[in-house]
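Its first residue numbered 1, the sequence shown is counted upward by one per residue in UniProt numbering.
No residue lacks a Cβ here, since even glycine has one placed at the ideal position from N, Cα and C.
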Amino acid sequence: MSSTFAIDMNAVKAHIDAVQSKVEEWNTQQVQHAAFQAHIQHKQAMHPSTIALDVGGMMYKTSKATLLAVQDSYFHALLASEHWTPDDASRGAYFLDLHGPTFARVLDFLRTGHLSVDGLNRWEVRQLHASLEYLQLVDATLATTTTTGGSTWTWDVVEPCQSSTVHLSRDRKVLHIAAKPSVSSTRTDRSWFVRGSAPVISFRVQVLGMTTLTVGFCPVTCTTGIEAIKVGRFLTFTSSVVPQRLPSSQHKCNLCDVIGVHWGDDKVTFERNDSPVGTAFVSILSTTDHLVPFVSSSRFDTTTLYIID
1 MSSTFAIDMN
11 AVKAHIDAVQ
21 SKVEEWNTQQ
31 VQHAAFQAHI
41 QHKQAMHPST
51 IALDVGGMMY
61 KTSKATLLAV
71 QDSYFHALLA
81 SEHWTPDDAS
91 RGAYFLDLHG
101 PTFARVLDFL
111 RTGHLSVDGL
121 NRWEVRQLHA
131 SLEYLQLVDA
141 TLATTTTTGG
151 STWTWDVVEP
161 CQSSTVHLSR
171 DRKVLHIAAK
181 PSVSSTRTDR
191 SWFVRGSAPV
201 ISFRVQVLGM
211 TTLTVGFCPV
221 TCTTGIEAIK
231 VGRFLTFTSS
241 VVPQRLPSSQ
251 HKCNLCDVIG
261 VHWGDDKVTF
271 ERNDSPVGTA
281 FVSILSTTDH
291 LVPFVSSSRF
301 DTTTLYIID
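Listed below in structure tokens is the structure:
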């Protein structure tokens, strides 16, 4: 009995020692993190309150506070670096090899939390998106940006396993899918699926980024992409920048194109920029089924969609 008790006490002591070791390790990490943050703040404080930027040959001036508006962005890292010094000593300007004309949109987003693409052509939208990615601001635009419009539905993520790759704007009208390397060969892991939050008879989405995209209607009861493809009605669109000959079941789509889908008269019709591109009959679906929008694509592709209505 005493031997068993001694063994149990030794096990308890070993467990307590392990916990204390973890606590000490955590305390050390906290001290190191606090010191690192203090170092960053010290380095950032050394920069003047007004920063000059040479962006692709165009000069911009803005406040340091504006550049630091988004935590963990490219600017946070550079303003804390001892090696980031003005490239043009005469003007005290830091050089960024980005698209100059659309950089004003980046600064406006940092000031207001609203990102506007109004008036930009497709090529300019691509340049703006590339700048946001380079500056590590893509996630921030989704987290803070709200949109306007009278749509009666929003995006609804119904597969919890997708939470690491699917990102929604605050009002759930902008959907961004971050490309994710494959870690499994199963069909489920190779694709993602997001549906609409409410039944509608028509909807329109604008494509702000995609490679291949399946879009259409599925019953509100669908909770996976496999179900939606099996019983839904859809078309598949492929980016026009993909250099390949498409099968007859796929259609070309450009950046900033608007895809419209309408359900009526026992059929689903599809439009791209108000021009008809295809029809899918819904005869096997009950007319009493409540249909919701759905989109799906490969997990290897980056996709961004905006609900118009």
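Taking the Cα of glutamate 133 as reference, the smallest distance to any Cα among Trp153, Asp108, Leu98 is reached at Leu98. For isoleucine 259, the closest alpha carbon among the candidates Leu305, Ala228, Lys230 is that of Leu305. DSSP links proline 293 through a beta bridge to Phe217. Cβ contact annotation for alanine 179 (same chain, cutoff 7 Å, sequence separation greater than five): Phe300, Asp301, Thr302, in chain order. For threonine 154 against isoleucine 308, the beta-carbon gap comes to about 12 Å, at or over 8 Å, which does not count as contact.
Contact between serine 239 and threonine 211 holds: CB atoms are separated by about 5 Å, below the 8 Å threshold. Serine 169 counts as buried, since at least 16 other C-beta atoms from the protein chains shown sit within 10 angstroms of its C-beta.
DSSP places alanine 130 outside any beta strand (DSSP E); the residue lies instead in the alpha helix (DSSP H), whose first and last residues are 122 to 134.
Taking the Cα of isoleucine 201 as reference, the smallest distance to any Cα among Trp192, Val261, Val174 is reached at Val261. When secondary structure is reduced to three states using DSSP, phenylalanine 109 falls in the helix class. Going by C-alpha positions, asparagine 273 is about 38 Å away from threonine 62.
Between phenylalanine 193 and proline 293, the gap from beta carbon to beta carbon reaches 8 Å or more. Contact annotation: aspartate 54 and phenylalanine 95 have beta-carbon atoms nearer than 8 Å. Shown here, tryptophan 153 sits in coil according to DSSP, grouped into three states, outside any helix or strand. The Cβ atoms of valine 125 and cysteine 253 lie no closer than 8 Å to each other. Here the C-alpha atom of glycine 92 lies approximately 58 Å from the C-alpha atom of glutamate 227.
For tryptophan 26, DSSP records no beta bridge to any residue. Boundaries for lysine 230: no beta strand (DSSP E) harbours it, while the alpha helix (DSSP H) harbouring it runs 225 to 231, taken from the DSSP string. According to the DSSP assignment, phenylalanine 75 belongs to the alpha helix (DSSP H) that extends over 74 to 79. Under the three-state reduction of DSSP output, leucine 53 falls in the strand class. Between the alpha carbons of leucine 68 and valine 106 lies a distance of about 12 Å. With a cutoff of 8 Å on beta-carbon distance, arginine 233 and alanine 280 are scored as near each other. In this structure, Leu208 is the residue among Thr221, Gly278, Gly225, Leu208 with its C-alpha nearest to the C-alpha of asparagine 121. Cα atoms of isoleucine 51 and aspartate 265: separation of roughly 60 Å, rounded to the nearest angstrom. In the DSSP assignment, alanine 65 falls within the unbroken alpha helix (DSSP H) covering 64 to 67.
From the listed residues Ser73, Val70, Ala104, Thr152, the smallest Cα separation to valine 205 is found for Thr152. In this model, threonine 236 and leucine 137 are separated by some 29 Å (Cα to Cα).
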